[in-house]
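When the sequence shown is numbered by the working numbering, its final residue is 262 and no position is left out of the sequence of numbers. Structure, as structure tokens:
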Amino acid sequence: MTHTDDPRLQLAPPPERASTWLFLLCVPLPVAITAAALLTVPGDSAQVLIGDSLPLTVAVTLAGVALISLAVWYPLARAMQRQQLLLTDVSLQLQSTFYRCDVPLRQLQLERARVIDLDEHPQLRPRKSNGFSVPGLRSGWFRSNGRRTFVALADGRRTLWIPSSGGHDLLIEPRDPRALLDRLRASAA
Numbered sequence: 074m075t076h077t078d079d080p081r082l083q084l085a086p087p088p089e090r091a092s093t094w095l096f097l098l099c100v101p102l103p104v105a106i107t108a109a110a111l112l113t114v115p116g117d118s119a120q121v122l123i124g125d126s127l128p129l130t131v132a133v134t135l136a137g138v139a140l141i142s143l144a145v146w147y148p149l150a151r152a153m154q155r156q157q158l159l160l161t162d163v164s165l166q167l168q169s170t171f172y173r174c175d176v177p178l179r180q181l182q183l184e185r186a187r188v189i190d191l192d193e194h195p196q197l198r199p200r201k202s203n204g205f206s207v208p209g210l211r212s213g214w215f216r217s218n219g220r221r222t223f224v225a226l227a228d229g230r231r232t233l234w235i236p237s238s239g240g241h242d243l244l245i246e247p248r249d250p251r252a253l254l255d256r257l258r259a260s261a262a
């Protein structure tokens with residue numbers, strides 16, 4: 074049986090600024106770097122030009138870089154939208170971008186779990202070890218407080234920290250962290 078019909082329990086979606094940052098880093102930045110590199114090539118160097126035309130060579134090169142950049146950006150943008158929390162009778166299952174975590178409820182140390190603000194608890198700020206991160210979204214495996222931690226954060230203001238006896242902690246951002254913590258405690262009782 075699943076207990077995630079309540080939208081307050083779902084992971085918070087990434088803010089629009091995360092999508093904007095991802096796009097800027099994946100598409101315009103590589104195109105701009107390529108354009109700058111092409112413009113700084115000395116005019117007297119031996120160049121291989123398409124159709125013996127510098128403008129055509131620049132246009133084809135930039136179009137190719139733009140297409141490759143879009144091909145990289147699109148799956149990353151789709152993955153950013155993959156934020157899911159599933160609470161069953163026996164486990165808490167999380168999916169965020171490319172990463173998944175399934176924790177048995179019996180391993181969660183809910184008596185120590187709490188809703189925190191990462192600005193007030195700097196020791197719990199995650200440091201990426203294997204994750205996906207752009208401004209406004211952190212997802213995957215990080216280190217926090219000296220422990221391996223599964224992280225699914227949108228803006229990180231109101232975060233739910235759940236220690237576990239299973240070798241890693243959880244640092245997640247549901248839409249309503251207090252409601253999820255209450256539901257987890259009720260499920261574990």
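All residues carry an ideal CB built from backbone N, CA and C; glycine is no exception. In this text, all values refer to a predicted model and were calculated from it rather than measured experimentally.
Verify whether the separation of the beta carbon atoms of I245 and L233 is less than 8 Å.
yes
For the beta strand (DSSP E) containing R211, list its first residue and its last residue.
210-217
Over what stretch of residues does the beta strand (DSSP E) that includes G204 continue unbroken?
200-207
Take every Cβ of the segment 76-92, pair it with every Cβ of the segment 133-145, and state whether three or more of those distances are shorter than 8 Å.
no
Output the distance between the C-alpha atoms of M74 and P101, rounded to the nearest integer angstrom.
Its pLDDT being 44, under 50, M74 is placed unreliably by the model, and nothing is read from it.
Tell me, to the nearest whole angstrom, how far the beta carbon of M153 is from that of L243; I am working on the premise that it is less than 8 Å.
No, M153 and L243 are not in contact; Cβ-Cβ is about 20 Å, not under 8 Å.
Where does L191 sit, in a helix, a strand or coil, going by DSSP?
coil
Looking only at its own chain, which residues have a Cβ that is under 7 Å from the Cβ of P88, when we skip the five neighbours before and after it?
Answer for P88: G209, A227, D228, listed in chain order.
Compute the distance between the beta-carbons of S260 and L178, then report whether it is under 8 Å.
The answer is yes: Cβ separation under 8 Å.
Please determine, among L167, R221, N203, the residue with the shortest C-alpha to C-alpha distance to L158.
Ranking L167, R221, N203 by Cα distance to L158 puts L167 first.
Given that a residue counts as buried once 16 or more other Cβ atoms are within 10 Å of its Cβ, and exposed if not, what is R274?
Because the chain spans 74 through 262 in this model, residue 274 falls outside it and cannot be assessed.
Would you list the one or two residues that DSSP bridges to A225?
DSSP, once it has assigned bridges, lists S212, I245 as partnering A225.
Check the C-beta distance from R231 over to D190 and give it rounded, since I have them as a contact under 8 Å.
7 Å
Between T222 and the rest of its own chain, which residues show a CB-CB distance below 8 Å, the 5 nearest in sequence each way excluded?
P199, W214, F215, R216, H241, D242, L243, L244
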